[in-house]
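A.B. asks: I'd like to ask you about the structure that follows.
In the numbering used here, the protein residues as written are 797 to 1073.
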């Protein structure tokens, strides 16, 4: 049987031919169906697509995928299998002479001209899953035991494609977390205060005193002498009581505390001021 295009499909091919291939290729794609006339489900922009094509925004892609999946489910429920490769191209092909299929295709097109979604529940689930993926795929590392769903529940009126790292950080802050100022570790802060929180490792790094020495050339020319700065070893002995005590109770060490301890310790005082305490 020689297949032909339904009039509405032929018109669409004329309008969108450069984007959707030629009429002959569409006919060849459906040759196995042995249909007299071939048609595709249409939406407001042309052929109803599966969402895997290029879209201006992720929200548009999710909406297209939802409408396509819903229409495909309707066809399967009301018309049965439409063919072995009826959706292989990402379009919904059907027999234009099949009354139930033709009526359903018209209903899908009419629904999309009146409202952008065929199934709000399906779209909502896909949109939420995409936002969770957006949060979990951001450069910001989430705390252990926290996933994108947890963060999403803390956001006020989130919108797909518009969730920023600042929004995620604010949500985590509302959940009782604070980011270490020097690394990507999250801390469970129990004592709200201003300052720069540090994890234990970064606090020890911060405790390295700046050791100074004067370098004089071999010829002894003091006019050419210069001061050399170097980092000493972490003051673990002086800092451990703070880390095990106050820092543990408040959920984090703070940079200003560590610096005060460094200045107040014998080793740190010598390094900072050049003399023993």
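C-beta atoms are modelled at their ideal positions from N, C-alpha and C, and glycine is treated no differently.
Give me the residue from 979, 1014, 849 with the minimum Cα distance to residue 996.
C.D. replies: When each option's Cα is compared against that of residue 996, the closest is 979.
A.B. asks: Can you give me the start and stop residues for the alpha helix (DSSP H) that residue 888 sits inside?
C.D. replies: Note, residue 888: premise wrong, no alpha helix (DSSP H); not H, not E.
A.B. asks: Once you ignore the five residues that flank residue 964 on each side, which residues in its own chain have a CB closer than 7 Å to its CB?
C.D. replies: Around residue 964: 931, 934, 936, 947.
A.B. asks: Applying the criterion that 16 or more other CB atoms from any shown protein chain within 10 Å of the CB defines a buried residue, is residue 834 buried or exposed?
C.D. replies: Buried, by the Cβ-count rule.
A.B. asks: So which of 871, 943, 861 has the shortest CA-CA distance to residue 916?
C.D. replies: The residue with the shortest Cα to Cα distance from residue 916 is 861.
A.B. asks: Just the Cα atoms here: how many angstroms apart are residue 845 and residue 913?
C.D. replies: About 13 Å.
A.B. asks: Taking the beta strand (DSSP E) that residue 1009 falls in, what are its first and last residues?
C.D. replies: Its beta strand (DSSP E) spans residues 1006-1011.
A.B. asks: Nearest CA to the CA of residue 1054: which residue from 1008, 1004, 1020?
C.D. replies: Among 1008, 1004, 1020, the Cα nearest to that of residue 1054 belongs to 1004.
A.B. asks: For residue 909, count the other beta carbons within 10 Å of its own beta carbon; 16 or more makes it buried, fewer makes it exposed. Which is it?
C.D. replies: Classification for residue 909: exposed.
A.B. asks: Where do the N-terminal and C-terminal ends of the beta strand (DSSP E) with residue 982 fall, by residue?
C.D. replies: Note, residue 982: beta strand (DSSP E), 982-984.
A.B. asks: With a threshold of 16 other CB atoms inside 10 Å of the CB of residue 953, please say whether the residue is buried or exposed.
C.D. replies: Classification for residue 953: exposed.
A.B. asks: Judging by CA-CA distance, which residue of 893, 919, 911 is the nearest neighbour of residue 866?
C.D. replies: Nearest C-alpha to residue 866: 919.
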